[in-house]
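Taking it in order: structure first as structure tokens, then the write-up.
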Ligand SMILES: C[S@@+](CC[C@H](N)C(=O)[O-])C[C@H]1O[C@@H](n2cnc3c(N)ncnc32)[C@H](O)[C@@H]1O
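Here it is, written out as structure tokens:
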């Protein structure tokens, strides 16, 4: 069954979607590896999801996380999961995902939901693939409720992820996680405040919240002192 395309994808997004179609056919990212499951349990605790929450999962891939999120938010919540790859979404649908999950084919830069709709946005293993992250973050800030949370999580640190992408395939060779200070600037410009940050070889973690008023976007950012003190390398602050 084809998935509704919620917004016109750019030629670059279509190309990337075809690349991830091929990954899906190879069964990549179909299930979490045992060592990833331990980290995932930690992430789940840190995401603080509650029954009834509305969660956006951009780049949901084959839905291995989607079903876990659906369980966390329960029947009164919502998981809006989107992806560029129809083949990934087909595999996600085969899991028998039903409401509160909504699967859509389209870009994270155009989310078909009203302003201030989501309690949380969870980007697992996807942020480096946003080749133009600024408009994506502006869209995230638009659909987040005031104080709503954005999480960016990976099972490895920035250095390991960027090394992997540089050598994995030409299609993703330039899909890199920005340096901490660039990430901070991007977030602040979109009206998001970084509240937690950790970059270790075994895990990358960033939490941000939507500032109460998006009018504050572009003002000097409120990057936590603990991160500044560490030079943005490896710390955690709340
Ligand atoms: C590395 S996979 C991770 C999938 C999933 N998050 C997981 O961990 O199993 C990245 C996914 O993000 C999707 N993606 C990349 N850029 C995207 C964008 N701009 N909008 C929506 N999805 C995107 C890809 O199609 C791919 O399925």
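Residue numbers (this note's numbering): 4 to 241. C-beta atoms are modelled at their ideal positions from N, C-alpha and C, and glycine is treated no differently. Please read all numbers here as calculations on a predicted model, not as lab measurements.
Cα-Cα separation between residue i and residue j, rounded to whole angstroms
i, j, result
"residue 94", "residue 191", "36 Å"
"residue 199", "residue 58", "19 Å"
"residue 10", "residue 60", "16 Å"
"residue 129", "residue 62", "6 Å"
"residue 77", "residue 136", "30 Å"
"residue 126", "residue 29", "22 Å"
"residue 18", "residue 166", "22 Å"
Chain-order list of residues whose beta-carbon lies under 6 Å from that of residue i (same chain, five-residue window excluded)
i, result
"residue 175", "168"
"residue 215", "149"
"residue 156", "46, 127 and 208"
"residue 116", "146"
Beta strand (DSSP E) segment containing residue i, residue limits
i, result
"residue 61", "57–61"
"residue 108", "104–108"
C-beta contact flag for residue i and residue j at 7 Å
i, j, result
"residue 193", "residue 141", "yes"
"residue 197", "residue 187", "yes"
"residue 53", "residue 70", "no"
Residues near residue i in its chain [Cβ-Cβ closer than 8 Å; skip 5 each side]
i, result
"residue 105", "81, 82, 83 and 84"
"residue 163", "204"
"residue 103", "73, 76, 77, 78, 79, 80, 81 and 82"
"residue 113", "9, 10 and 142"
Run of the alpha helix (DSSP H) containing residue i, from where it starts to where it stops
i, result
"residue 93", "89–96"
"residue 9", "Residue 9 -> no alpha helix (DSSP H), and no H or E assigned at all."
"residue 143", "136–146"
Exposure label - residue i; buried when at least 16 CB within 10 Å
i, result
"residue 172", "exposed"
"residue 34", "exposed"
"residue 212", "buried"
Cutoff 7 Å: residue i Cβ touching any chain D Cβ
i, result
"residue 201", "The structure shown has no chain D; it contains just one protein chain."
Cβ-based neighbour list, residue i, same chain, cut-off 7 Å, excluding 5 preceding and 5 following
i, result
"residue 15", "134"
"residue 44", "none"
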